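Undergrad:
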Amino acid sequence: MLVLGVESSCDETSVSIVRDGKVVLSNAINSQIKIHEKFGGVVPEVASRHHVYQITLVFKEAFEAANIKPEEIDLVAVTMGPGLIGSLLVGVNAAKAFAMMYNKPIIGVHHLAGHIYANAIEHEMKFPLVALLVSGGNTELIYMKDHFSFEIIGETLDDAVGEAYDKVARVVGLPYPGGPHVDRLAHLGEDTYHLPRVYLDDDSFNFSFSGLKSAVINLNHNANQRGEEINVNNLCRSFQDSVTEVLVRKTLKLAKKLNVNNIIVAGGVSANKGLKERFLDEGKDFNISIPSIKYCTDNAAMIAVAGYYQHMVFKDDYDDLTLNAIASLDLEDFYKMKRK
Ligand code: KG4
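Residue numbering for the sequence shown follows my numbering, starting at 121 and increasing by one per position.
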């Protein structure tokens, strides 16, 4: 079965063709990072305009790279939310135009389900499992007893972890998006600043990163005022150790509590090397799955794969051409409705 995936929820325009939920024939991605870098973050209006410029070119690239004709596609899967509404609309309308033109079924996919199902490309998703979802907008611990059964057990009470990475990077003068840069420098430094491990030992499975972010900002500010130099590598390492210790320990604690052996990590921050190293080191007793870096950040292959599994689980529950983009879309509720 050939699934065409379309993703445009934020600042990546991506189109992918995946065979049987596993074999990625193409995964064309046009990233707008260079465009938004000068603003220090994604500018929604600029992002949607660039999706409009890019979408047909990225479609063409995906079909050429896969050497597939449009008529051969069996199902169209598109991110319908959550995300920036102007950006989402471009992908949703392009996917609908394709589905209408070639008379193909279309299915709306939740962006976060896409991140989670990115794990099914290179690994087998075994249930029950605990998913740690870490991205620019989300930090969640999710229990899945089966396909598309999402129970959010814990989440951030303030900043998402990717957001905290990006803000810390900005404070120490690193480019946007800062996560990969902080990760790189962290590997050159040591944890000398001993930043707080927020909520590490409490009974909940929630997270908080805004206090940690403020601790970095204050440390940097005080050092500037005193004319002292900050060791950026050590600060990045200290921040990363603080974040990864809390994320990994809480995930393992939840898996133990639920008596679950399978853990998957998903979302842009799952590309973090420090996080992966700590999971492999501390989680030896668990079956841990982390996607390759190319499937961690936003891409359409993960949407095609999630669409494939939606088709397998919910059978012919396709959308029609009234399918619309939704900026705020709750993961649990979205699939609860489909499961009914
Ligand atoms: O999932 P994603 O591509 O977009 C959404 O938020 O949906 O995640 C982007 C986030 C950014 O905050 C970026 O800085 C972070 O993922 N990120 C990383 C790394 N690579 C990307 N954070 C830490 N370490 C990395 N290696």
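Just so you know, even glycine gets a beta-carbon here, dropped at the ideal spot from N, CA and C. Being a predicted model, the structure only gives us computed values, none of them experimental.
1) Scan the region 154-235 and note each continuous alpha helix (DSSP H) run of 4 residues or more that stays entirely inside, going in chain order.
2) Please go through the same chain and pick out, in chain order, the residues whose beta-carbon is closer than 7 Å to the beta-carbon of G331, but skip the five residues on each side of it.
3) Would the region 396-415 and the region 164-172 be scored as touching if the rule is three or more Cβ pairs under 8 Å?
4) Roughly how many angstroms lie between the CA atoms of D439 and G211, to the nearest whole one?
5) Quick check on DSSP: helix, strand or coil for F454?
6) Give the C-beta separation of S151 and E181 to the nearest angstrom, bearing in mind that I take them to be a contact with Cβ-Cβ under 8 Å.
7) Any heavy atom of the ligand KG4 closer than 7 Å to the Cβ of E283?
8) With H, G and I counted as helix, E and B as strand and the rest as coil, what does DSSP make of N338?
9) Can at least three beta-carbon pairs, one atom from the region 357-370 and one from the region 298-314, be found at a separation below 8 Å?
10) Where I149 and S134 are concerned, what is the direct C-alpha to C-alpha distance, given to the nearest angstrom?
11) Check whether the region 268-286 and the region 348-356 are in contact - that is, three or more C-beta pairs closer than 8 Å.
12) Taking only the alpha-carbon atoms, compute the straight-line gap between K377 and Y263 and give it to the nearest angstrom.
13) Would you call the CB atoms of N351 and V291 closer than 8 Å?
14) Please say whether V198 and I236 have beta carbons closer to each other than 8 Å?
15) As an exercise, report each continuous beta strand (DSSP E) stretch of at least 3 residues that is fully enclosed by the region 358-429, in chain order.
16) Kindly indicate which three-state DSSP category S151 falls into: helix, strand or coil?
17) Residue range of the beta strand (DSSP E) that A238 falls in?
18) With H, G and I counted as helix, E and B as strand and the rest as coil, what does DSSP make of E327?
19) Hey, is P295 close to the ligand KG4, as in C-beta under 7 Å from one of its heavy atoms?
TA: On the basis of the supplied data:
1) DSSP runs (the alpha helix (DSSP H)) wholly in the region 154-235: 164-186, 205-222.
2) Within the sequence shown, numbered from 1, the residue matching residue 331 stands at position 211. Within the same chain, G331 has close Cβ partners P316, V318.
3) Of all C-beta pairs linking the region 396-415 to the region 164-172, fewer than three are shorter than 8 Å, placing the two stretches out of contact.
4) The count along the sequence shown starts at 1 and reaches residue 439 at position 319. The count along the sequence shown starts at 1 and reaches residue 211 at position 91. Put simply, the backbone Cα of D439 is about 15 Å away from that of G211.
5) Within the sequence shown, the letter at position 334 stands for residue 454. Correct three-state label for F454: helix.
6) Counting from one through the sequence shown, the residue named residue 151 turns up at place 31. Counting from one through the sequence shown, the residue named residue 181 turns up at place 61. Actually they do not touch by this definition, with Cβ atoms about 13 Å apart.
7) Counting from one through the sequence shown, the residue named residue 283 turns up at place 163. Yes - the ligand KG4 has a heavy atom lying nearer than 7 Å to the Cβ of E283.
8) Taking the first residue of the sequence shown as position 1, residue 338 is located at position 218. The answer is helix: DSSP assigns N338 an H, G or I state.
9) Cβ pair count under 8 Å is three or more, so yes.
10) Locating residue 149 in the sequence shown gives position 29, counting from the first residue. Locating residue 134 in the sequence shown gives position 14, counting from the first residue. Pairing I149 with S134, the inter-Cα distance amounts to about 4 Å.
11) No, the region 268-286 is not in contact with the region 348-356.
12) Within the sequence shown, the letter at position 257 stands for residue 377. Within the sequence shown, the letter at position 143 stands for residue 263. Approximately 11 Å between the Cα atoms of the pair.
13) Locating residue 351 in the sequence shown gives position 231, counting from the first residue. Locating residue 291 in the sequence shown gives position 171, counting from the first residue. No, these two residues do not count as a Cβ contact at 8 Å.
14) The residue you call residue 236 lines up with position 116 of the sequence shown. The residue you call residue 198 lines up with position 78 of the sequence shown. In this structure, V198 does not lie closer than 8 Å to I236 by Cβ.
15) Secondary structure in the region 358-429: the beta strand (DSSP E) runs of 3 residues or longer, each lying completely within the stretch, are 382-386, 407-409 in chain order.
16) Against the sequence shown, residue 151 aligns to sequence position 31. Strand at S151.
17) Mapped onto the sequence shown, residue 238 falls at position 118. Note, A238: premise wrong, no beta strand (DSSP E); not H, not E.
18) Within the sequence shown, numbered from 1, the residue matching residue 327 stands at position 207. The sequence as given places Phe at residue 327; Glu does not occur at that position. For F327, the three-state secondary structure derived from DSSP is strand.
19) Translated into the one-based positions of the sequence shown, residue 295 becomes position 175. Checking every heavy atom of the ligand KG4 against the Cβ of P295, none is found closer than 7 Å.
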